[in-house]
Amino acid sequence: MADDRIGSSESSSDVEKEVPPWAKGETLRHVERDVLIPKIVREISREKCKPYLDEFTNCCKGRTLSMVWACRKENRVMQDCLQKYFKDNSIYEEAKHLYLQRRDEFQKDYAQHGEKTEFKKKESVTF
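39 is the number that UniProt numbering gives to position 39 of the sequence shown; each next residue is one higher, with no gaps.
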């Protein structure tokens with residue numbers, strides 16, 4: 001059995017890789033459902049609450065421990081906005097759709113080329 005593969009004229013780079021079954025369609029793994037999609041939801045909610053984030057950031061500049069009581073109002077408004085979007089099911093579904101789209105693109109690209117595409121880390125605008 002192993003001898004059949006040794007004499008084979010096909011190299012591993014010529015064979016198109018198959019997308020694994022867990023990476024097809026709408027099925028989600030535990031880590032995707034509980035970690036990766038909520039991460040996208042946080043990104044979306046930060047974009048939508050940017051004015052409140054900026055207001056809180058400006059209040060905190062130049063302060064150390066005093067920011068706890070000096071920026072309490074800005075913090076509460078920011079947290080309320082973030083929680084509103086984080087608990088919204090339509091935002092979760094939008095993030096899920098976006099994640100599945102990214103995962104499918106990655107799997108198709110990996111299946112064709114056999115290489116992972118370079119992941120560019122976004123710079124944080126908040127911190």
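Beta carbons: idealized from backbone N, C-alpha and C, even for Gly.
Residue i versus residue j - alpha carbon distance
{"i": "Cys59", "j": "Met67", "result": "7 Å"}
{"i": "Leu36", "j": "His97", "result": "12 Å"}
{"i": "Leu28", "j": "Glu47", "result": "25 Å"}
{"i": "Lys50", "j": "Ile44", "result": "10 Å"}
{"i": "Arg63", "j": "Lys39", "result": "28 Å"}
{"i": "Asp104", "j": "Lys24", "result": "7 Å"}
{"i": "Phe106", "j": "Glu32", "result": "15 Å"}
{"i": "Leu65", "j": "Thr57", "result": "14 Å"}
{"i": "Asp34", "j": "Arg102", "result": "17 Å"}
{"i": "Asp88", "j": "His30", "result": "20 Å"}
Nonlocal neighbours in the same chain, by C-beta distance under 6 Å from residue i, ignoring five residues either side
{"i": "Lys84", "result": "none"}
{"i": "Trp69", "result": "none"}
{"i": "Phe127", "result": "In this prediction, Phe127 scores a pLDDT of 47, lower than 50, which makes its location untrustworthy; the coordinate-derived value is nonetheless stated afterwards. Same-chain partners within the cutoff: there are none."}
Cutoff 8 Å; reference residue i; Cβ partners in own chain excluding five residues on either side
{"i": "Glu26", "result": "Leu100"}
{"i": "Val41", "result": "Tyr85, Phe86, Ile91, Tyr92, Ala95"}
{"i": "Glu55", "result": "Glu74, Val77, Met78"}
Continuous alpha helix (DSSP H) stretch holding residue i: start and end
{"i": "Val77", "result": "72 to 86"}
{"i": "Arg63", "result": "Arg63 -> no alpha helix (DSSP H), and no H or E assigned at all."}
{"i": "Asp109", "result": "89 to 113"}
{"i": "Glu43", "result": "37 to 48"}
Cut-off 7 Å between Cβ atoms - residues of its own chain near residue i, not counting five sequence neighbours on either side
{"i": "His113", "result": "none"}
{"i": "Lys61", "result": "none"}
Whole-Å CB distance - residue i paired with residue j, under 8 Å assumed
{"i": "Cys71", "j": "Tyr52", "result": "That belief does not hold up - the Cβ atoms of Cys71 and Tyr52 are roughly 12 Å apart, past 8 Å."}
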